[in-house]
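**Q**
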Amino acid sequence: MSEDFFKTTSVNDFKLKNIGHPPAGYNVQKTQDIYSKEPFKQKYSERKQAFISHCLQNPGSDAIKGYFYELVRISEIRGPIWLGLLESALSYIDSRFDCSDFVLLGIMRLCYQFSKNPLVTPDLLKNAKKTILSFKYWPDEPGTDSMCYWTENHHIMFASNEYLAGQLYPNEFFSNSKMTGEEKMVKARKRILKWFELRFYTGFNEWLSNIYYDEDMTALLNLIDFCEDEEIVRKAKIIMDLMLFDMALNSYYGQFVSTHGRCYAAEKKNALVESTIDTMKLVFGMGNFANKDNMSAVTLALSEKYTPPEVIMDIAQDISRAEMENRQRVSINIREARRWGINYKDVDNGLILLSFESYVHPKTINVMVKMLDRFRWWDNEFFQEFKPFKHVLQIGRYFGLTKALAHMFKKDLTRNTREENNIYTYRTPDYMLSSSQDYRKGYGGDQQHIWQASLGPEAVCFTTHPGGYGNTSPEGYWLGSGYLPRVAQVKNVLIAVYKIPRMGGILLSKNLRFTHAWFPKSKFDEVIEKNGWVCARYQNGFLALFSQNTYQWQVEGEEKDKDLIVDGRQNIWIIELGRKDQYQSFSNFVDSVTTSKLIFGKLSVQYTSPSQGLLEFGWKGDLKQNGQNVSLKNYPRYENPYSHTSFGAKKVHIEHSEQHLDLEFEK
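Count the sequence shown with our numbering and you get residues 519 to 1185, in order.
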């Protein structure tokens, strides 16, 4: 039940057919921005102007995200504007297609920031007002649709839109809800503040998402720029600062290539096409402007009230240190929801629990059935898997059977759920390795990206158990996972243990009997295979990958020499990284790693790493390094050279090079 589930022909046709043609005189010369690892040393204000120039030369192409670039043309009064893009955006929202909420974010900015702009016509504003007053802002309002309201990013987008719509038209009635604008502000404010509270104290359950941070930041920036409630504005700025801090800690030369709570296949393989690469270059001076119709970069460039803290921008550019370790904990365990003021019974709290995508968790299944009834979700495209079981679930809720069913199939049915996660990122000037430590081993996966090694934008490596041969989760070949591994990382070394169930489940009825690694030979400068290891060099970074079971390269199709396939339901993958400064040459690295001692047990391994010593790890038991236990859980909120913050702390202190930033949620 992921957001790419609802990709109907009508939506795709709409994107292609309803924007019309650019007006006469709408001349642009498209440019291609080149990625560079070297920091863009200009001031933030100068980088904003560089991005604005890029947008003016590279207009958007659809009414979903593409029209955001049109807002830049409006701001610069570089007419004529492509009204077809903007009118089609309104039609998209009126149709209540999924993701209408993030399309509405741009319309809200248009009405607040550019209502008096000479390029914005009275008819456009009139139509925008009609759309805003008739939109469905939450599932408890009338109407049946297939919009996704409940995931973490949609929560804040819908709430931000509803609050600002109410503030814009406080005394008018909204035709769908029959509420006044003032009433909508009261309703949305509660959701906004609860979302802020959870993000500050527990981080993001869609952790480090290079897809959904883009949407989250756009919603926050709208609140910062236009909301008149001082508490909302102050807390929105705090969450923006923390998001940029997350990105600074877990990126590599402007590439957001860490473990991700939600990520898609193309973005895993190529950092230059992920959704925050423009934002990285704008804020941190590294990356490239990628013609991706980026929302957050546009809103940052247009924002008049938010400037990223200097200390966070400097931390992102602190890339010359020999090593940087970051440990951080995000999200909560669903069984501990009451600790965070969330109960399991009423639908308001049920919607908060759904932000963790805990659809059929044993703790949440009963309130889920209640919401399916209350919100007419049996006909929502996201919940079609539930529809055949409608009467069974309705009756089972009253007789207490649904919890037993959810518990019986929990490893398959809760594959979307994003609970507590301990993140480990290790970075040097020549590579970065990032993972989710011991995260939900043996559970079904969705769009979680558990680990990745990165030496360059496309010189990357990661493993998955594919759910199928498609490109939608959970049946994707590279998107998401059929079942998740048990992973442990110590600095530059990572071990991933896979144990795939024999029997299929309800959401994934058949389990493929192999795991595989993305290893694109052509994107590295050298590749050497020796003693069962596959070793690669990219510039001054080195990588070595080993599979317990025999591997074979894909020998045909688009993924020839990119896909390493290993048969078997059980397998152990080992990866070690190094650099020239450490080994003097690639050949020395290859010799050191490929002659290292490996002893495999039943789903366990003892690996004598040339850099980290004896590592012992398996499907069960502790990770041991040179005989000592290494903790894989209960990480702090942040533990890195710039911040030492306990989980749940009331203040996050960030410090670097005599600069500091104190973020206090309650003050």
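Note that CB positions come from ideal geometry on N, CA and C, so glycine has one too.
These figures come from a predicted structure and were not determined experimentally.
I'd like the span of the alpha helix (DSSP H) that includes L623, first residue to last.
**A** In the sequence shown, counting from the first residue as 1, residue 623 sits at position 105. Looking at the DSSP string, the run of the alpha helix (DSSP H) that includes L623 is S618 to Q631.
**Q** Measure the Cβ-Cβ separation of E822 and D747 and say whether it is below 8 Å.
**A** Taking the first residue of the sequence shown as 1, we reach residue 822 at position 304. Taking the first residue of the sequence shown as 1, we reach residue 747 at position 229. Not in contact: E822 and D747 (Cβ atoms no closer than 8 Å).
**Q** Applying the criterion that 16 or more other CB atoms from any shown protein chain within 10 Å of the CB defines a buried residue, is D1079 buried or exposed?
**A** Here residue 1079 corresponds to residue number 561 of the sequence shown, with the count starting at 1. So D1079 ends up on the exposed side.
**Q** Quick check: the stretch 1138–1150 against the stretch 797–807, are at least 3 beta-carbon pairs closer than 8 Å?
**A** Verdict: no, contact absent.
**Q** Is the Cβ-Cβ distance between H1174 and I750 less than 8 Å?
**A** As a working note, residue 1174 is residue 656 in the sequence shown. As a working note, residue 750 is residue 232 in the sequence shown. Not a contact, by the Cβ cut-off of 8 Å.
**Q** Is the beta carbon of V878 closer than 8 Å to that of M889?
**A** Against the sequence shown, residue 889 aligns to sequence position 371. Against the sequence shown, residue 878 aligns to sequence position 360. It is not a contact, given that the beta carbons lie outside the stated cut-off.
**Q** Along the alpha helix (DSSP H) that carries T1112, what are the first and last residues, could you check?
**A** Counting from one through the sequence shown, the residue named residue 1112 turns up at place 594. T1112 -> alpha helix (DSSP H) spans F1104 to T1112.
**Q** Under DSSP, the alpha helix (DSSP H) around I756 begins and ends at which residues?
**A** For the purposes of this step, residue 756 is taken as residue 238 along the sequence shown, with counting starting at 1. Here the alpha helix (DSSP H) through I756 covers E748 to L767.
**Q** Taking E659 as the reference, give the member of N867, Y1153 and R892 with the closest Cα.
**A** If you number the sequence shown from 1, residue 659 lands on position 141. Of N867, Y1153 and R892, the residue nearest in Cα terms is R892.
**Q** Would you mind sorting A840 into buried or exposed? The rule is 16 or more other CB atoms within 10 Å of its CB.
**A** If you number the sequence shown from 1, residue 840 lands on position 322. The residue in question, A840, is exposed, as its Cβ has fewer than 16 Cβ neighbours within 10 Å.
**Q** Enumerated in chain order, which unbroken segments of the alpha helix (DSSP H) with a length of 4 residues or greater are wholly contained in the stretch 1033–1102?
**A** As far as the stretch 1033–1102 is concerned, its whole alpha helix (DSSP H) runs of at least 4 residues are 1098–1101.
**Q** In terms of residues, what are the limits of the beta strand (DSSP E) holding A971?
**A** By 1-based counting over the sequence shown, the position of residue 971 is 453. From DSSP, the beta strand (DSSP E) with A971 extends over W969 to S972.
**Q** Which first and last residues belong to the alpha helix (DSSP H) in which I837 is found?
**A** On the sequence shown, position 319 is the one that residue 837 refers to. No alpha helix (DSSP H) holds I837; DSSP gives it neither H nor E.
**Q** Using the DSSP secondary-structure output, state which residues sit across from I941 in a beta bridge.
**A** Position 423 of the sequence shown holds residue 941. For I941, which the question treats as bridged, DSSP gives the partners Q846 and S954.
**Q** On the three-state DSSP scale, how would you describe D1180?
**A** Here the question's residue 1180 lines up with position 662 in the sequence shown. Strand, per DSSP.
**Q** For E1157, which beta-bridge partners are listed by DSSP?
**A** Your numbering for residue 1157 matches position 639 in the sequence shown. DSSP, once it has assigned bridges, lists R845 and H1162 as partnering E1157.
**Q** Below 8 Å on the Cβ atoms is my guess for V621 versus Y610; work out the distance and round it to an integer in Å.
**A** For this step, residue 621 is matched to residue 103 along the sequence shown. For this step, residue 610 is matched to residue 92 along the sequence shown. Right, their Cβ atoms sit about 5 Å apart.
**Q** Could you check whether the stretch 982–994 touches the stretch 1106–1116, counting it as contact only if at least three pairs of C-beta atoms, one from each stretch, sit closer than 8 Å?
**A** Judged by Cβ distances under 8 Å, the stretch 982–994 makes no contact with the stretch 1106–1116, as fewer than three pairs qualify.
**Q** With DSSP as the reference, please indicate the residues paired to H1174 in a beta bridge.
**A** As a working mapping, residue 1174 is identified with position 656 in the sequence shown. Answer is Q1177.
**Q** Can you check DSSP and say which residues form a bridge with E1134?
**A** Here residue 1134 corresponds to residue number 616 of the sequence shown, with the count starting at 1. E1134 pairs with Q1124 and K1142.
**Q** To the nearest angstrom, report how far apart I1013 and R1097 are at their CA atoms.
**A** As a position in the sequence shown, residue 1013 is number 495, starting the count at 1. As a position in the sequence shown, residue 1097 is number 579, starting the count at 1. About 19 Å.
**Q** Please report how far the alpha carbon of F1165 lies from the alpha carbon of I1083, in whole angstroms.
**A** Numbered from its first residue, the sequence shown carries residue 1165 at position 647. Numbered from its first residue, the sequence shown carries residue 1083 at position 565. Taking the straight line joining both Cα atoms gives about 39 Å.
**Q** Tell me which residue opens and which closes the beta strand (DSSP E) that F1118 is part of.
**A** Along the sequence shown, read from residue 1 onward, the residue named residue 1118 stands at position 600. L1116 to G1119 is the span of the beta strand (DSSP E), which, as asked, contains F1118.
**Q** Mapping DSSP to helix, strand and coil, what is M675?
**A** The count along the sequence shown starts at 1 and reaches residue 675 at position 157. Here M675 sits in helix by DSSP.
**Q** How many angstroms separate the CA atom of I1200 from the CA atom of D764?
**A** Residue 1200 cannot be examined here, being either before or after the span of the chain that is shown, 519 to 1185.
**Q** Which stretch, first to last residue, makes up the alpha helix (DSSP H) that contains Q902?
**A** Along the sequence shown, one-based indexing puts residue 902 at 384. Unbroken run through Q902: none, as it is neither H nor E.
**Q** Which complete beta strand (DSSP E) runs does the stretch 994–1035 hold, if anything under 3 residues is left out?
**A** Entirely contained in the stretch 994–1035, the beta strand (DSSP E) runs reaching 3 residues are, in chain order, 1004–1008 and 1011–1017.
**Q** Buried or exposed for G1000, going by 16 or more other Cβ atoms inside 10 Å?
**A** Within the sequence shown, numbered from 1, the residue matching residue 1000 stands at position 482. That one is buried.
**Q** Please classify R709: is it buried, with 16 or more other beta-carbons within 10 angstroms of its beta-carbon, or exposed?
**A** On the sequence shown, position 191 is the one that residue 709 refers to. Classification of R709: buried, given that the 10 Å Cβ count is 16 or more.
**Q** Does the distance from the CB of V775 to the CB of Q970 come in under 8 Å?
**A** If you number the sequence shown from 1, residue 775 lands on position 257. If you number the sequence shown from 1, residue 970 lands on position 452. Yes, the pair counts as a contact, with Cβ atoms nearer than the cut-off.
**Q** Starting from the C-beta of D897, find all residues in its chain whose C-beta is less than 7 Å away, skip the five residues before and the five after it, and write them out in chain order.
**A** One-based indexing of the sequence shown puts residue 897 at position 379. Taken in chain order, the residues that qualify are T662.
**Q** Work out the CA separation of S652 and S613 for me, nearest whole Å.
**A** Here residue 613 refers to the residue found at position 95 of the sequence shown. Here residue 652 refers to the residue found at position 134 of the sequence shown. Those two C-alpha atoms are separated by around 11 Å.
**Q** Going by the beta-carbon positions, is the gap between L1025 and P984 smaller than 8 Å?
**A** For the purposes of this step, residue 1025 is taken as residue 507 along the sequence shown, with counting starting at 1. For the purposes of this step, residue 984 is taken as residue 466 along the sequence shown, with counting starting at 1. Not a contact, by the Cβ cut-off of 8 Å.
**Q** So, for E680: in the same chain, excluding its five sequence neighbours on each side, which residues have a beta-carbon less than 6 Å away from its beta-carbon?
**A** Within the sequence shown, the letter at position 162 stands for residue 680. Y655, K702 and A706, listed in sequence order.
**Q** Per DSSP, H778 is paired with what?
**A** Taking the sequence shown and counting its residues from 1, one reaches residue 778 at position 260. Paired residue(s): H967.
**Q** Do you know offhand how far I650's Cα is from S793's?
**A** The residue you call residue 650 lines up with position 132 of the sequence shown. The residue you call residue 793 lines up with position 275 of the sequence shown. I650 and S793: Cα-Cα distance of roughly 26 Å.
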